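Reading through the structure tokens given below for one structure.
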Amino acid sequence: MEGYNFHEIEAKWQKKWEDEKRFVVKNHEEGKQNEYVLIEFPYPSGKGLHVGHLRSYTALDAVARKKRLEGKNVLFPMGCDAFGLEAERTAIREHKLPQEIVARNIATFKEQLKQIGLSFDWSREINTCDPSYYKWTQWLFIQFFKHGLAEKRETLVNFCKNCGVLANEEVEGGKCCQCHEEVIQKSKSQWILKMTEYADRLAEDLKLTKYQQHIKTSQINWIGKSEGVQVKFQIKQGGSFEIFTTCIETIYGITFMVLAPESEIVKSLKDKIENLDEVNEYIKQAAKKSEFERQELVKEKSGCLLKGITAINPANGMEVPVYIGDFVLAGYGTGAVMAVPAHDQRDYDFAKQRKIPMIQVIEGDIRNGALEKQDYLGTGAKLINSGEFSGLTVEEAKQKITEKLISLGVAKKQVNFKMRDWVFSRQRYWGEPIPMIYCDHCGWVPVPEDQLPVVLPNVDSYEPTKDGESPLSAIESFVKTTCPKCGAPARRETDTMPGWAGSSWYFMRYCDPKNDKEFASMDSLRAWLPVNIYNGGNEHTTRHLLYARFWNKFFYDIGISPVLEPFETRISQGIILGSNGVKMSKSLGNVVDPREVVKEYGADSLRLWESFIGDYSEMVNWNDNGVKACFKFLNRVWAMQDFLVDGDKFSSELSYAFNYAIKKVTNDINDIKFNTAVSALMTLCNEIYKNRKINREEFKTLLILLNPFAPHITEELWEINKFSPEFKNVSWPNYDEKALVKNVISLPVQINGKMRGTIEVSPSAGQEEILNLVKSDSVISKYLTEPIKKVILVPNRIINIIC
RNA sequence: GCUGGUGUGGCGGAAUGGUAGACGCAAGGGACUUAAAAUCCCUCGGAGGCAACUCCGUGCCGGUUCGAGUCCGGCCACCAGCACCA
0 MEGYNFHEIE
10 AKWQKKWEDE
20 KRFVVKNHEE
30 GKQNEYVLIE
40 FPYPSGKGLH
50 VGHLRSYTAL
60 DAVARKKRLE
70 GKNVLFPMGC
80 DAFGLEAERT
90 AIREHKLPQE
100 IVARNIATFK
110 EQLKQIGLSF
120 DWSREINTCD
130 PSYYKWTQWL
140 FIQFFKHGLA
150 EKRETLVNFC
160 KNCGVLANEE
170 VEGGKCCQCH
180 EEVIQKSKSQ
190 WILKMTEYAD
200 RLAEDLKLTK
210 YQQHIKTSQI
220 NWIGKSEGVQ
230 VKFQIKQGGS
240 FEIFTTCIET
250 IYGITFMVLA
260 PESEIVKSLK
270 DKIENLDEVN
280 EYIKQAAKKS
290 EFERQELVKE
300 KSGCLLKGIT
310 AINPANGMEV
320 PVYIGDFVLA
330 GYGTGAVMAV
340 PAHDQRDYDF
350 AKQRKIPMIQ
360 VIEGDIRNGA
370 LEKQDYLGTG
380 AKLINSGEFS
390 GLTVEEAKQK
400 ITEKLISLGV
410 AKKQVNFKMR
420 DWVFSRQRYW
430 GEPIPMIYCD
440 HCGWVPVPED
450 QLPVVLPNVD
460 SYEPTKDGES
470 PLSAIESFVK
480 TTCPKCGAPA
490 RRETDTMPGW
500 AGSSWYFMRY
510 CDPKNDKEFA
520 SMDSLRAWLP
530 VNIYNGGNEH
540 TTRHLLYARF
550 WNKFFYDIGI
560 SPVLEPFETR
570 ISQGIILGSN
580 GVKMSKSLGN
590 VVDPREVVKE
600 YGADSLRLWE
610 SFIGDYSEMV
620 NWNDNGVKAC
630 FKFLNRVWAM
640 QDFLVDGDKF
650 SSELSYAFNY
660 AIKKVTNDIN
670 DIKFNTAVSA
680 LMTLCNEIYK
690 NRKINREEFK
700 TLLILLNPFA
710 PHITEELWEI
720 NKFSPEFKNV
730 SWPNYDEKAL
740 VKNVISLPVQ
750 INGKMRGTIE
760 VSPSAGQEEI
770 LNLVKSDSVI
780 SKYLTEPIKK
790 VILVPNRIIN
800 IIC
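Numbering (numbering that gives the first Met the number 0), first residue to last: 0 to 802.
Here it is as structure tokens:
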């Protein structure tokens with residue numbers, strides 16, 4: 000027997016799979032059920048992949064390979080999300096064009112992936128920055144526009160001096176999530192997608208999916224639905240404004256109101272405010288503050304009284320002062336709040352600071368702080384100091400007060416969402432141009448479909464501009480055009496789309512990647528959607544998942560997607576840290592390059608260790624010795640050929656071990672428990688070594704079970720031992736439940752709940768028989784005392800004797 | 001602060017409420033070898049004991065149960081996400 004020469008074997012099989020197009024899949028395959036296995040496509044960064052990145056690829060490759068062996072027609076595609084800031088920033092740093100950087104990175108990425116023998120269908124590869132792809136991203140944007148879900152709106156936006164305008168979702172702790180620069184607020188006319196119109200359904204339809212509960216919860220929290228009442232307050236000096244509250248029962252406790260400094264209401268009150276200079280100064284300061292600073296001041300809530308302005312509480316006619324304060328957000332609710340210091344801690348702090356009186360309206364103790372809704376809801380607490388509503392429970396009052404205000408015509412029930420509309424414009428070069436044209440006569444007009452894509456022009460200078468305008472705006476030849484409607488001279492939109500655009504629908508394009516008539520045909524989408532198993536990073540379980548679900552839901556509404564929810568299940572991998580427990584990074588010198596590992600131990604050993612390293616969803620530390628251990632294991636499998644004997648069914652010696660392994664590996668792969676699947680294979684291998692003998696049928700079974708994790712060595716062993724049929728035609732083994740029943744089991748015995756030993760017994764033995772065996776066991780019996788009060792026998796598991 | 005998650009040997013980790021530590025790493029001992037590597041065998045949670053064996057042990061404190069790593073209540077620590085959401 001020759002040694003295990005993984006270099007030769009792996010190169011041979013990778014070439015063979017590619018030559019015979021083993022993993023290229025058709026949308027329809029006679030007699031086969033379709034299965035869609037998807038991994039988030041990456042942005043291929045210039046640093047190349049490290050072993051941590053491969054975890055999800057090797058894991059889902061195992062899933063895909065197993066499903067193929069089970070006779071499924073499996074779509075397992077891969078592509079690149081190449082638009083976005085990272086490519087642009089690398090390009091700027093290296094003084095190259097993003098186009099060049101991306102092409103170079105993709106080549107490295109593919110080379111690395113191909114070395115480990117992943118079974119992607121590369122014929123369906125896509126790339127979001129390819130015009131043949133973003134043509135359809137643009138087309139889809141136009142559908143949003145045509146259905147009134149995209150519009151240009153003046154909004155306060157997060158502005159980063161390096162990266163331009165950011166979506167709320169891209170601001171992390173008041174800083175830019177890309178470059179960590181402080182984010183400031185700026186007013187700008189932006190394209191937005193009205194995602195809030197789908198907020199309710201995005202939360203509601205989670206019940207159609209099988210996501211893990213924590214993923215559903217994080218989506219629901221992000222959407223942040225709250226039901227309440229919107230109430231109109233008259234300003235004594237003229238005018239009015241509206242507030243939103245979820246605690247209408249506390250309306251008699253209002254002692255002041257607070258408006259967001261940026262709100263329109265404040266502007267409209269300008270000529271009535273007596274301390275206008277002071278107010279203007281406050282507004283100026285607030286605008287300069289980043290969200291981060293605002294939050295830093297959490298203990299010291301800032302605000303400024305609007306002198307000469309009072310609001311009238313519609314419930315009791317009481318006049319209260321009005322403040323502006325930057326803890327009130329213009330972007331949420333109506334940008335104005337009613338303040339009830341007795342029942343809201345934030346208002347309580349604000350009132351204490353400024354010696355504003357409090358009115359307690361719900362019974363309880365407010366000496367040490369506000370009695371908030373979480374304190375009184377559901378406790379049966381009653382209202383006080385609330386006019387005709389005093390004496391009602393909170394729950395009754397909520398309803399009665401709402402009814403009264405509605406009948407007075409000053410209120411309506413309202414549902415608010417924390418989730419905001421999606422700011423979809425970027426003043427950046429490296430993105431899909433937004434396919435819109437502005438005409439002085441016709442307003443915004445979409446680029447006609449037959450003129451798509453609006454190609455991103457090649458330019459010499461694409462750096463972000465200092466004033467925050469798109470670099471494209473400086474290119475006259477791009478900007479100047481004519482109106483598609485009236486033919487008059489017109490100007491193109493120069494903003495581009497955010498990085499999230501192309502990734503919001505890529506999983507649909509895989510179904511029909513070459514289609515130049517449609518973004519994807521309904522037939523192909525019906526064939527594959529919903530994605531059966533979708534794997535991605537934890538960091539994407541809110542944003543990306545929500546965006547993709549939103550796009551799909553809209554597509555469903557306009558009849559271009561066949562499903563309400565695009566992803567059936569969602570799983571995410573834990574990251575692999577360096578061996579020192581810190582995130583792998585070049586500067587820390589703890590990066591492990593898969594190419595080095597492959598060179599030393601081979602792709603199969605690497606793949607096996609990626610699966611065995613630990614629980615898939617947990618964070619783990621890399622350990623070089625693990626690869627060595629897996630290499631050792633594969634060598635043991637290879638050397639097993641020495642034990643090979645004839646035989647076309649499981650031998651009595653190994654029947655139990657094999658049936659158990661089949662069951663365990665099958666279930667564990669289904670349950671995303673790759674580490675225990677591999678350990679079951681190792682256990683099986685140990686059993687075979689103890690037996691010193693393995694027949695052909697048994698060896699074949701072992702190879703099939705191991706194949707999803709170590710595809711090269713298993714196909715090679717299959718071939719050199721001339722097993723039949725050809726490996727590509729074999730099917731996943733079934734186990735025999737009957738073979739898992741043992742004649743004699745070792746039954747644990749507890750006396751008074753303490754483990755005292757085991758007895759050998761038939762699984763069908765009754766209580767009497769077992770008790771007699773226990774009594775005759777010299778070790779266990781000495782713990783027994785008469786009388787026996789109670790016996791708990793769990794057949795096949797345990798007996799507990801109470802005496 | 002809120003939400004979610006996690007806490008088990010020297011390490012990575014196993015355990016449908018039923019023998020805690022599967023599988024593997026590291027370590028120690030042995031066999032083979034001139035030697036090393038590779039391979040194979042043995043030991044390997046802690047304390048005590050010559051031994052048979054005994055007691056303790058899954059972050060901490062309680063509870064439910066014949067029986068708790070697992071369920072419940074209350075803490076502590078760490079990780080991640082969110083950030084004044086009215």
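We put the CB at the ideal spot given by N, CA and C, even for glycine. Just so it is clear, the structure is predicted and the values come from calculations on it, not from any experiment.
Burial state of residue i, where buried means 16 or more other Cβ atoms lie within 10 Å
i    : result
A106 : exposed
P432 : buried
T57  : buried
K14  : exposed
V319 : buried
K741 : exposed
V743 : exposed
D199 : exposed
V297 : Per-residue confidence for V297 stands at a pLDDT of 46, beneath the threshold of 50, marking its modelled position as unreliable; no derived number is given.
H213 : exposed
H543 : buried
P786 : exposed
G379 : exposed
L739 : exposed
M754 : exposed
V596 : buried
T216 : exposed
Inter-residue spacing [alpha-carbon to alpha-carbon] between residue i and residue j
i    : j    : result
A350 : I358 : 11 Å
S503 : Y546 : 6 Å
E85  : F140 : 23 Å
K663 : T682 : 11 Å
L605 : P43  : 21 Å
Y688 : A676 : 19 Å
Y281 : D325 : 9 Å
K818 : W731 : Residue 818 is absent from the structure shown; the chain starts at 0 and stops at 802.
K193 : C159 : 23 Å
S469 : T495 : 8 Å
V793 : V414 : 53 Å
V644 : L633 : 20 Å
K145 : C128 : 24 Å
W717 : P41  : 34 Å
K516 : W121 : 22 Å
G577 : E599 : 19 Å
Q233 : K206 : 42 Å
E725 : L701 : 16 Å
P707 : D60  : 7 Å
M521 : I557 : 12 Å
D670 : I532 : 11 Å
I575 : I612 : 9 Å
Residue nearest to residue i in terms of C-alpha spacing, selected from the options
i    : options                : result
G223 : L455, E110, F416, F708 : F416
K31  : V73, V228, Y428        : V73
M507 : A489, R548, K479       : R548
N666 : R54, V62, F611         : V62
F642 : R123, R695, G147       : R695
C438 : L407, E448, C482       : C482
D276 : T254, I264, K306, A259 : K306
For residue j and residue i, believed in contact at Cβ under 8 Å, the rounded distance
i    : j    : result
E248 : V393 : 5 Å
A341 : L370 : 7 Å
I100 : E110 : Not quite, the Cβ-Cβ distance comes to about 16 Å (not below 8 Å), so this is no contact.
Check your understanding: Unbroken alpha helix (DSSP H) runs of length 4 or more, entirely within the segment 550 to 600: which are they?
Key -> 593 to 600
**Study point:** In chain order, each beta strand (DSSP E) run of at least 3 residues that lies wholly inside the segment 184 to 272
**Key:** Qualifying beta strand (DSSP E) stretches, in chain order: 224 to 234, 239 to 244, 255 to 258.
**Study point:** Length at least 4, wholly inside the segment 450 to 489: the alpha helix (DSSP H) runs in chain order
**Key:** 475 to 478
Point to revise | Contained beta strand (DSSP E) runs [length at least 3] in the segment 740 to 790, N- to C-terminal order | key: 744 to 750, 753 to 760
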